[in-house]
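Novice:
This is the structure in structure tokens:
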């Protein structure tokens, strides 16, 4: 089967995790990584850094798919600006879902979102654009995660929660059901 090519935008630690998910999902061939100009020619897990942001206009002629592999810790402004740039150029930002995750068929996930290994997403969940749902995150029924959010490793969003755009929900943080969450929630927090 001929798989479509995809480029990865950002070559740091989050990129390595996303490579693992893309390889496991086996839907795309990774054509290379976009990073800083001085890193061109280096590699990440065997995939070459083939260009920098300035090369995206040329690359879209041959490669239509891209995924943002820059992480989101305290500030997601780089992820948001990259998303806008890729959309303006005309890239398709597919949803990437680990085959080791469980995602209910009654869930909607928007473009550019990556669902990492062992995430569990239950029924009637809505996840927006350009989100990271990280390893072992649990998202219960009727949760809404708006655009550009990072739901971190091992965190728990209980039923009916609304996570506002640009929120970082830290590792092992837990929410009470039907909470409205926004901003930066540090690791291990209990959000009421």
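Residue numbers (full-length UniProt numbering): 1 to 192.
In this text, a Cβ means the ideal position worked out from N, Cα and C, and glycines have one as well.
Being a predicted model, the structure only gives us computed values, none of them experimental.
1. Quick check: what's the CA-CA separation for residue 35 versus residue 176?
2. Assign residue 188 to one of three DSSP states: helix, strand, or coil.
3. In angstroms, rounded to a whole number, what distance separates the CA positions of residue 185 and residue 111?
4. Measure the alpha-carbon distance for residue 163 versus residue 44 and round it to whole angstroms.
5. Please report the straight-line C-alpha distance between residue 147 and residue 161, rounded to a whole angstrom.
6. Can you name the start and end residues of the alpha helix (DSSP H) that residue 24 belongs to?
7. For the region 58-73 and the region 12-19, state whether three or more C-beta atom pairs, one from each stretch, are separated by less than 8 angstroms.
8. Quickly, what does DSSP pair residue 66 with across the bridge? List them, please.
9. Quick check on residue 106: buried or exposed, where buried means 16 or more other Cβ atoms within 10 Å of its Cβ?
10. For residue 229, count neighbouring Cβ atoms within 10 angstroms of its own Cβ and tell me buried if that reaches 16, exposed if not.
11. Could you name the residues of the same chain whose beta carbon sits closer than 7 angstroms to that of residue 51, not counting the 5 residues immediately before and after it, in chain order?
12. What separation, rounded to the nearest whole angstrom, lies between the Cα atoms of residue 135 and residue 155?
13. Any idea which residues DSSP pairs residue 48 with across the strands?
14. Quick one: residues in its chain with C-beta nearer than 7 angstroms to the C-beta of residue 183, no 5 flanking neighbours on either side, listed in chain order?
15. If you follow the beta strand (DSSP E) that residue 34 is in, where does it begin and where does it stop?
Specialist: Reading off the structure:
1. By 1-based counting over the chain shown, the position of residue 35 is 35. By 1-based counting over the chain shown, the position of residue 176 is 176. The alpha-carbon atoms of residue 35 and residue 176 are separated by roughly 39 angstroms.
2. Locating residue 188 in the chain shown gives position 188, where the first residue counts as 1. Looking at residue 188 - three-state DSSP - the assignment turns out to be coil, as it is neither helix nor strand.
3. Locating residue 185 in the chain shown gives position 185, counting from the first residue. Locating residue 111 in the chain shown gives position 111, counting from the first residue. Rounded to whole angstroms, residue 185 to residue 111 spans 24 angstroms at the Cα level.
4. The sequence position of residue 163 within the chain shown is 163, counting from 1. The sequence position of residue 44 within the chain shown is 44, counting from 1. Distance between the alpha carbons of residue 163 and residue 44: 32 angstroms.
5. Within the chain shown, numbered from 1, the residue matching residue 147 stands at position 147. Within the chain shown, numbered from 1, the residue matching residue 161 stands at position 161. If you take the alpha carbons of residue 147 and residue 161, they lie about 14 angstroms apart.
6. Along the chain shown, read from residue 1 onward, the residue named residue 24 stands at position 24. Taken as a continuous stretch (DSSP letters only), the alpha helix (DSSP H) holding residue 24 covers 13-25.
7. yes
8. In the chain shown, residue 66 corresponds to position 66, counting from 1. Looking at the DSSP assignment, residue 66 forms a beta bridge with 7.
9. Here residue 106 corresponds to residue number 106 of the chain shown, with the count starting at 1. By the neighbour-count rule (16 or more Cβ atoms within 10 Å), residue 106 is not buried but exposed.
10. Since the first residue shown for the chain is 1 and the last is 192, residue 229 is missing from the structure and cannot be characterised.
11. Within the chain shown, the letter at position 51 stands for residue 51. The answer, listed in chain order, is 34, 40 and 59.
12. By 1-based counting over the chain shown, the position of residue 135 is 135. By 1-based counting over the chain shown, the position of residue 155 is 155. For residue 135 and residue 155, the distance between alpha carbons rounds to 9 angstroms.
13. As a working note, residue 48 is residue 48 in the chain shown. Looking at the DSSP assignment, residue 48 forms a beta bridge with 43.
14. Start at 1 with the first residue of the chain shown, and residue 183 comes out as number 183. Within the same chain, residue 183 has close Cβ partners 167.
15. By one-based count along the chain shown, residue 34 stands at place 34. Counting along the chain, the beta strand (DSSP E) containing residue 34 begins and ends at 28-34.
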